[in-house]
Amino acid sequence: MTSEETTIGQDGLDQKLTQAFDGKVVRKDLVRKVKVGANVPVFVLEFLLGKYCASSDEMAIQMGLKVVNDTLAENYIRPDEFMKGKSVRSE
18 MTSEETTIGQ
28 DGLDQKLTQA
38 FDGKVVRKDL
48 VRKVKVGANV
58 PVFVLEFLLG
68 KYCASSDEMA
78 IQMGLKVVND
88 TLAENYIRPD
98 EFMKGKSVRS
108 E
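In this note's numbering, each number is its position in the sequence shown, counted from 1, plus 17.
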């Protein structure tokens, strides 16, 4: 794998898979990128990334990552914020 393929993240096989299974391919490098900042189960990240970032277009991926991060920030409560969950539920 060349350094260019590493930075882009897709080689010929990845591009063929993305074309054949449009909207269903999850890039694991994005899972690792989002996982670093969030204590969320991997299957949740894979679902969200598959829904919003299943594209080979870099602009669409960046917009999808923003949607994923916003969704996690709004809907996922970290274990140390359990009181926030109680207050939201009681409102």
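Glycine is no exception: its CB is placed at the ideal position from the N, C-alpha and C atoms.
Values in this document were obtained by computation on a predicted structure and should not be read as measured data.
The criterion of a C-beta distance shorter than 8 Å is not satisfied by Arg49 and Cys70. A direct Cα-Cα distance of roughly 13 Å separates Asp31 from Asp74. Cα atoms of Glu98 and Gly29: separation of roughly 44 Å, rounded to the nearest angstrom. The three-state secondary structure of Tyr93, taken from DSSP, is coil.
Ser72 is the residue among Ser104, Arg95, Ser72 and Ile78 whose C-alpha sits nearest the C-alpha of Gln36. Closest by C-alpha distance to Leu62, out of Leu34, Asp39, Ala77 and Tyr93, is Tyr93.
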